[in-house]
Every structure is written in C-alpha cells, then in structure tokens.
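Asks: For the sequence shown, our numbering begins at 152 and goes up steadily by one.
Where a beta carbon is used, it is the ideal one built from N, C-alpha and C, also for glycine.
My questions all concern the structure below.
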Amino acid sequence: MTTVGAAYLYERSEKSSQEIAIACLAVALAGIFLTLIAAPWQIQLLLLGVALWSYRATKTKWLS
C-alpha cells in the first residue's frame, strides 16, 4: 500500500516539486524491492506479469 501511495504522490507532485517527486520515487522503489524479496514465488511471478503488461501498455500508449 505504501508503494501505491508513493506512486500516486509522485504523479501529483511531479510538476510542482521535484524534490518530493524524487523522494516518492525512492519510497516506491524501496517498497517494490522489499515486496519482491519477501513475497513467495507465486506473488513474484504475478508482479512480474503486471509490470510487463504495464510497460507494454504505456509503451504502446506513448507511440500512438
């Protein structure tokens, strides 16, 4: 939940305060890293699938 909140705050503060956006990004990355280490392999596989799908969706969105 912390990672989702940090990602939301990053989106909201990206244009107004670069320092807050960088701090939110650091919290989000640390949360994702800790989740990947602590999670069982089934959850890790699910997170990998979601990340790949999200990357593909944003890449095709940017190209359109």
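#1: Identify, in the order they occur along the chain, each residue of the same chain with its Cβ nearer than 6 Å to the Cβ of A172, setting aside the five sequence neighbours on each side.
#2: Do A157 and A179 count as a contact pair if the criterion is CB distance below 9 Å?
#3: How big is the Cα-Cα spacing for W204 and S167?
#4: Taking C175 as the reference, give the member of Q193, V155 and F184 with the closest Cα.
#5: Reducing DSSP to helix, strand and coil, say where S168 ends up.
#6: To the nearest angstrom, how far is it from the Cα of Y206 to the Cα of L198?
Replies: Quick look at the numbers:
#1: Y161, S164 and E165
#2: yes
#3: 29 Å
#4: V155
#5: coil
#6: 12 Å
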